[in-house]
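A.B. asks: Protein chains in written order, with the numbering used here: chain A, 119 to 391; chain B, 119 to 391. Glycine included, each C-beta is placed from N, C-alpha and C at the ideal position.
2 protein chains.
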Amino acid sequence: MDNRAIGFMDSGVGGLTVVREALRQLPLESVYFIGDQARLPYGPRSSHEVRHFSEQMAAFLMKKNIKMLVIACNTATSAALEDLKEKFPIPVIGVISPGSRAALKVSRNRRIGVIGTEGTIKSGAYERAILSKDNSVEVFSLACPKFVPLVESNEYDSSIAKKVVAETLQYFDNKDVDTLVLGCTHYPLLRPIIQDVMGPQVRLIDSGAETIGTVSALLDYFDIAKDSAGDQIEDHYYTTASPKSFNQIASQWLEINVKADKTEIDRLSLEDK
Amino acid sequence: MDNRAIGFMDSGVGGLTVVREALRQLPLESVYFIGDQARLPYGPRSSHEVRHFSEQMAAFLMKKNIKMLVIACNTATSAALEDLKEKFPIPVIGVISPGSRAALKVSRNRRIGVIGTEGTIKSGAYERAILSKDNSVEVFSLACPKFVPLVESNEYDSSIAKKVVAETLQYFDNKDVDTLVLGCTHYPLLRPIIQDVMGPQVRLIDSGAETIGTVSALLDYFDIAKDSAGDQIEDHYYTTASPKSFNQIASQWLEINVKADKTEIDRLSLEDK
Chain A
119 MDNRAIGFMD
129 SGVGGLTVVR
139 EALRQLPLES
149 VYFIGDQARL
159 PYGPRSSHEV
169 RHFSEQMAAF
179 LMKKNIKMLV
189 IACNTATSAA
199 LEDLKEKFPI
209 PVIGVISPGS
219 RAALKVSRNR
229 RIGVIGTEGT
239 IKSGAYERAI
249 LSKDNSVEVF
259 SLACPKFVPL
269 VESNEYDSSI
279 AKKVVAETLQ
289 YFDNKDVDTL
299 VLGCTHYPLL
309 RPIIQDVMGP
319 QVRLIDSGAE
329 TIGTVSALLD
339 YFDIAKDSAG
349 DQIEDHYYTT
359 ASPKSFNQIA
369 SQWLEINVKA
379 DKTEIDRLSL
389 EDK
Chain B
119 MDNRAIGFMD
129 SGVGGLTVVR
139 EALRQLPLES
149 VYFIGDQARL
159 PYGPRSSHEV
169 RHFSEQMAAF
179 LMKKNIKMLV
189 IACNTATSAA
199 LEDLKEKFPI
209 PVIGVISPGS
219 RAALKVSRNR
229 RIGVIGTEGT
239 IKSGAYERAI
249 LSKDNSVEVF
259 SLACPKFVPL
269 VESNEYDSSI
279 AKKVVAETLQ
289 YFDNKDVDTL
299 VLGCTHYPLL
309 RPIIQDVMGP
319 QVRLIDSGAE
329 TIGTVSALLD
339 YFDIAKDSAG
349 DQIEDHYYTT
359 ASPKSFNQIA
369 SQWLEINVKA
379 DKTEIDRLSL
389 EDK
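1. When the Cα of B/G301 is compared with those of B/E173, B/A194 and B/G153, which residue comes out closest?
2. Give me the chain B residues within the contact set of A/N121, using Cβ-Cβ distance strictly less than 7 Å, ordered along the chain.
3. For a test of the three-state rule: what should DSSP assign to A/G317, helix, strand or coil?
4. Compare the C-alpha of B/G317 against each of B/S325, B/H304, B/V295 and B/A327 and name the closest.
5. Identify whether A/R122 lies in helix, strand or coil by the three-state DSSP scheme.
6. Please report the distance separating the alpha-carbon of A/S165 from that of A/G237.
7. Below 7 Å on C-beta distance, what does B/T332 contact in chain A?
8. The beta strand (DSSP E) spanning A/G234 covers which residue range?
9. Among B/N121, B/Q143 and B/N192, which residue has its Cα nearest to the Cα of B/V333?
10. Excluding five sequence neighbours on each side, which residues of the same chain lie with their C-beta closer than 6 Å to the C-beta of B/S241?
11. By the criterion of Cβ-Cβ separation under 7 Å, what are the contact partners of B/N253 in chain A?
12. In whole angstroms, what is the alpha-carbon distance linking A/F178 and A/L187?
13. What are the complete beta strand (DSSP E) segments, minimum 3 residues, inside the region 341-390 of chain A?
14. Is B/Q143 close to chain A? Criterion is C-beta to C-beta, closer than 8 Å.
15. Between the alpha carbons of B/Y160 and A/G217, how many angstroms are there, rounded?
16. Nearest chain A C-beta to B/D349 closer than 8 Å, yes or no?
17. Would DSSP call B/L179 helix, strand or coil?
18. Is it the case that the region 137-151 of chain A contacts the region 241-256 of chain B, given that we only count it when at least three CB pairs across the two stretches are under 8 Å?
19. Could you tell me which residues DSSP pairs with B/T135 in its beta bridges?
20. Run through the region 156-219 of chain B for me and flag every whole beta strand (DSSP E) of 3 or more residues, listed as ranges in chain order.
21. Do you know offhand how far A/Y244's Cα is from B/A347's?
22. Which residues bound the beta strand (DSSP E) around B/G153?
23. Between A/I189 and A/S172, how many whole angstroms is the CB-CB distance? I'm expecting something under 8 Å.
24. Could you work out which residue in A/V149, A/M175, A/F340 and A/R229 is closest to A/R157 when comparing CA atoms only?
25. Based on Cα-Cα distance, which residue from A/I312, A/W371, A/N272 and A/V269 lies nearest to A/V283?
26. Can you list, in chain order, the stretches of the alpha helix (DSSP H) that have 4 or more residues and sit fully within the region 279-327 of chain B?
27. Going by DSSP, which residues form a beta bridge with A/S259?
28. What are the boundary residues of the alpha helix (DSSP H) that A/E245 is part of?
29. May I ask which residues mark the beginning and end of the alpha helix (DSSP H) holding A/E270?
30. Does any residue of chain A have a CB that is nearer than 8 Å to the CB of B/L146?
Take a look at the structure:
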């Protein structure tokens, strides 16, 4: 038993799609979340830079005394997972392995699509993870750099969003995939539009939601789930930008009243951790 | 990367329902399986005895140089998981946590049924695992001592099986459960009959199949999945009784030609491990 909170980090509000599943599947656990909105999007940045920012966020959450760290961001997972696993003495989990496993589990025709940021797609992390388990699969990967800004500007159900998504996903018209991995935690907010464009025969995999299954398995494996009789620790949300827009999207998406604190993570020294 | 096999152990053929999912979800991994048919059923035995037998099976598989041990038996999990986790230097996984997590994930009305052997039900392991995560759930547990013998005698789709299952599950007539955990790895062979008796509105949870999700997550977490370019290690099956009946059920259930070796595990000294 371990009554400390679980830490979640993302470049912005996308990681909240992972938190939403945590609130649903692990209602007794406490959540500490940080979104680095001041420096998003991460997608176009170099992996070196994303790794540096990720370390800063992880160090911030470590100071809050978390028991497990979830990198609720595909770009940061592909750039920094191995690094953070080595650096920190608690279990660190990314979103790419769980998403890959789920896709392999549901695909029947073994043709799997993956959409993500430029950083995630360029890293080839999904393709590697999927093929390492079954090299008979064909993987079709597409970077969708316009999607994250749509979500962060709270336009994720606008007519502009519909147009951008439809145009971008034309790439899959002749690919015959039966499964599409939403390889960015921002994308589940666009899910209804993406499903509409891809058609009902395509199974969408929410990599973040799948990750909570792994979080839960590791809580059990390491025997660090929260004691149901333990004290309730309040959930905390932090953003590196102005909380106003964050609170609006977070409250809407999580269906609770979120009041985030602003924190200036870029001034954090890694030596402080 | 770790190219060694994964070990699976059960009192008999029930654990093959877990192996079937491993062959499907983890086609590159190699399997070593042992069924202790000479001493089944485990259900009515004391937890002390089940723990002792489990240690013998685990020691046998450890000698085969496995990288991970799956206790593919609910009775043995409830009696011996903690003990085996402490004793052996590789990841050891049971079937109860994964089954509990899956039930919590799908139940809507929060009324969950659990069926298992006398040993499993008496241990209260499922109830504890479920309530520790969400104490608002009502759990209805029923021991079904007649089910394992039906499966081991290869009568799992007979008219006798239908009668026994229908009579036993009458207990749930007024319980209004929307989810039923098959808390014994033998029960998936009775699944069509159980589903028919419970009705289509009840979701059946195959604890063994769920366990393979956890196996896969831990292979990734510890970075010990098999290298897809690595040598194929042949799967091996062992039984402590005559292989004839084992081979028949295993070949039918796994849809491959299984030729098990007989091994006399009860003469194994634990000191040899």
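C.D. replies: In short, the structure shows the following:
1. Counted from its first residue, the second sequence places residue 301 of chain B at position 183. Checking every option, the nearest Cα to that of B/G301 belongs to B/A194.
2. Within the first sequence, the letter at position 3 stands for residue 121 of chain A. Below the 7 Å Cβ cutoff, chain B contributes no neighbours of A/N121, its closest Cβ being approximately 13 Å away.
3. Taking the first residue of the first sequence as 1, we reach residue 317 of chain A at position 199. Secondary structure at A/G317: coil, using DSSP grouped into helix, strand and coil.
4. Along the second sequence, one-based indexing puts residue 317 of chain B at 199. Of the listed residues, the one whose Cα sits closest to B/G317 is B/V295.
5. Locating residue 122 of chain A in the first sequence gives position 4, where the first residue counts as 1. The answer is coil: DSSP assigns A/R122 none of H, G, I, E or B.
6. As a working mapping, residue 165 of chain A is identified with position 47 in the first sequence. As a working mapping, residue 237 of chain A is identified with position 119 in the first sequence. In a straight line, the C-alpha of A/S165 is about 7 Å away from that of A/G237.
7. Here the question's residue 332 of chain B lines up with position 214 in the second sequence. Residues of chain A whose Cβ lies closer than 7 Å to the Cβ of B/T332 are, in chain order, A335.
8. Sequence index remark: in the first sequence, residue 234 of chain A carries index 116 (1-based). R229 to G234 is the extent of the beta strand (DSSP E) around A/G234.
9. Here the question's residue 333 of chain B lines up with position 215 in the second sequence. When each option's Cα is compared against that of B/V333, the closest is B/Q143.
10. Along the second sequence, read from residue 1 onward, the residue named residue 241 of chain B stands at position 123. Apart from the 5 residues on each side of it in sequence, B/S241 sits with its Cβ closer than 6 Å to the Cβ of S196 in its chain, given in chain order.
11. As a first step, residue 253 of chain B must be located in the second sequence, where it is residue number 135. Near B/N253 (Cβ distances below 7 Å), the residues of chain A are S346.
12. Taking the first sequence and counting its residues from 1, one reaches residue 178 of chain A at position 60. Taking the first sequence and counting its residues from 1, one reaches residue 187 of chain A at position 69. Approximately 11 Å, taken between the alpha carbons.
13. Counting whole runs of 3 or more residues, the region 341-390 of chain A contains the beta strand (DSSP E) stretches 354-357.
14. Here residue 143 of chain B refers to the residue found at position 25 of the second sequence. Chain A contact via Cβ: present.
15. What you label residue 160 of chain B is simply residue 42 of the second sequence in a count that begins at 1. What you label residue 217 of chain A is simply residue 99 of the first sequence in a count that begins at 1. Distance between the alpha carbons of B/Y160 and A/G217 is about 37 Å.
16. Along the second sequence, one-based indexing puts residue 349 of chain B at 231. Not closer than 8 Å to any Cβ of chain A, the Cβ of B/D349 fails to qualify, so no.
17. Within the second sequence, the letter at position 61 stands for residue 179 of chain B. Helix, per DSSP.
18. Touching, per the Cβ criterion.
19. Translated into the one-based positions of the second sequence, residue 135 of chain B becomes position 17. In the DSSP output, where bridge partners are listed per residue, B/T135 has none listed.
20. With a minimum length of 3 residues, the unbroken runs of beta strand (DSSP E) contained wholly in the region 156-219 of chain B fall at 186-189.
21. Start at 1 with the first residue of the first sequence, and residue 244 of chain A comes out as number 126. Start at 1 with the first residue of the second sequence, and residue 347 of chain B comes out as number 229. Put simply, the backbone Cα of A/Y244 is about 18 Å away from that of B/A347.
22. Within the second sequence, residue 153 of chain B is the residue found at index 35, counting from 1. It spans V149 to G153 - the beta strand (DSSP E) in which B/G153 sits, taken as one unbroken run.
23. Looking up residue 189 of chain A in the first sequence gives position 71. Looking up residue 172 of chain A in the first sequence gives position 54. Sure, about 7 Å apart at Cβ, within 8 Å.
24. Within the first sequence, numbered from 1, the residue matching residue 157 of chain A stands at position 39. Of A/V149, A/M175, A/F340 and A/R229, the residue nearest in Cα terms is A/M175.
25. For the purposes of this step, residue 283 of chain A is taken as the residue at position 165 of the first sequence. The shortest C-alpha separation from A/V283 is found at A/I312.
26. Entirely contained in the region 279-327 of chain B, the alpha helix (DSSP H) runs reaching 4 residues are, in chain order, 309-316.
27. Here residue 259 of chain A is taken as the residue at index 141 of the first sequence, counted from 1. A/V232.
28. What you label residue 245 of chain A is simply residue 127 of the first sequence in a count that begins at 1. Residues A243 to K251.
29. Within the first sequence, the letter at position 152 stands for residue 270 of chain A. That run of the alpha helix (DSSP H) goes F265 to E270.
30. Along the second sequence, one-based indexing puts residue 146 of chain B at 28. With its beta carbon less than 8 Å from one in chain A, B/L146 belongs to the interface.
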